[in-house]
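Per the numbering used here, the very first residue in the first sequence carries number 1; after that it's consecutive.
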Amino acid sequence: TITYTALVVALGKAKEAAKAHAVLGQIERAGLRVDCHAYTAVIKAYEKSGMPAEAEAVLDEMAAKGVEPNVVTFNTALSAHAGAGDVAAAEAVAERMRAAGCEPDASTYAALAGAYAAAGEPRGAVDAISQAEDAGVAVSPLCYNMALAAYGAAGQPQACRALLERMRRKGLQPNVFSWSAVVHAAAQCGDPDGARAAVREMRARGVEPNVYTYTMLINAHGAAGDLEGAARVLGEMRAAGVHPT
RNA sequence: GAUACAUU
């Protein structure tokens, strides 16, 4: 089964999800038992191919065969829905997981937050973080960054600021992704000065802006019709040793 | 056997 599972993984990486799934039949025909790892690899294959419904169907197949999914299995299925921004389906997997007596871990909450972020629902992403913290599960900065990015895209700098503060209270250092979300939020609000101030502040805190951050800043100036300012930012970026792409 | 982050 381990040998066949290696094949499933390889096919999954090549986005040959249907072929990966078919290998399970080969395992059975060889008189071997399809285990949790093999099923998980198939779910992963569907996830990589952007086929969340098929991924979820594998969970049903497992139930029918009496094979218990583990936390990785559930998280992988959840990620498949998260990638599609399908919040309802992602929550359903989380529910299914709890019903199976499987404890959600940091990856579970991160995938849930990602689902809400992909759906453009920052509040839901923050709720997922809150749930994790209530459950005593420590979340990574990445989890916050997904919620921050959603607020950034929505042009809500004040919400970004509040979340940055919350990160710090939890002992997490906002990184370049976190700060770039603040810059993005200001840019989306048509507030180049706010964007500039955010960049100043991140530097003051020892976080260097990267090409994404500068691009957002250039955009903020450009959108406000300040072409001179936009050109100036480009110069600053080069001076900082960040190369345009 | 996984995993998720930003600019256009």
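Glycine included, C-beta positions come from ideal geometry on N, C-alpha and C.
Just so it is clear, the structure is predicted and the values come from calculations on it, not from any experiment.
- Contiguous alpha helix (DSSP H) elements confined to the segment 67 to 103 occur at 71 to 83 and 87 to 99, taking only those with 4 or more residues.
- Membership of arginine 196 in the alpha helix (DSSP H) is indicated by the continuous run 192 to 204.
- Contact between cysteine 143 and tyrosine 151 does not hold, since their C-beta atoms are separated by about 14 Å, which reaches or exceeds 8 Å.
- The C-beta distance from threonine 213 to serine 178 rounds to 11 Å, too long to fall under 8 Å, and the pair is not in contact.
- With a beta-carbon spacing of about 5 Å, isoleucine 43 and valine 58 fall inside the 8 Å limit used to define contacts.
- Residue environment for alanine 30: exposed (fewer than 16 other C-beta atoms within 10 angstroms of its C-beta).
- Apart from sequence neighbours up to five positions away, the residues of its chain that approach glycine 85 with a beta-carbon distance below 7 Å are Ala115, Ala118 and Ala119, ordered along the chain.
- The distance from the Cβ of threonine 73 to that of threonine 40 is about 5 Å, consistent with a contact at the 8 Å cut-off.
- DSSP places arginine 238 in the helix class (H, G or I) of the three-state scheme.
- A direct Cα-to-Cα measurement between leucine 227 and histidine 221 gives close to 7 Å.
- Of all alpha-carbon atoms in His37, Asp35, Ala38 and Lys48, the one lying nearest the alpha-carbon of glycine 12 is that of Lys48.
- If you compare the alpha carbons of Gly155, Ser140, Arg238 and Asp191 with that of arginine 166, the shortest gap goes to Ser140.
- When rounded, the separation of the alpha-carbon atoms in proline 157 and valine 183 is 8 Å.
- By the criterion of a C-beta distance shorter than 7 Å, isoleucine 27 is surrounded in its chain by Thr1, Tyr4, Val34 and Ala38, once the five residues flanking it on both sides are discounted.
- Burial of serine 79 is indicated by the presence of at least 16 other C-beta atoms within 10 angstroms of its C-beta.
- Note on proline 244: under 16 other CB atoms within 10 angstroms of its CB, so exposed under the neighbour-count rule.
- Distance from the Cα of histidine 21 is smallest, within the candidate group Arg96, Tyr46 and Cys36, for Tyr46.
- Where glycine 12 is concerned, the enclosing alpha helix (DSSP H) starts and stops at 2 to 13.
- Runs of the alpha helix (DSSP H) lying entirely within the segment 115 to 141, each at least 4 residues long, are 122 to 134 in chain order.
- Minimum Cα-Cα distance from lysine 65 among the listed residues Ala111, Ala204 and Gly25 corresponds to Gly25.
- The three-state reading of DSSP puts glutamate 208 in coil, since its state is none of H, G, I, E or B.
- For alanine 154, the secondary structure class from DSSP, reduced to helix, strand or coil, is coil.
- Its chain contains Val139 and Lys170 as the residues whose beta carbon lies nearer than 8 Å to that of glutamate 133, once the 5 sequence neighbours on both sides are disregarded; these appear in chain order.
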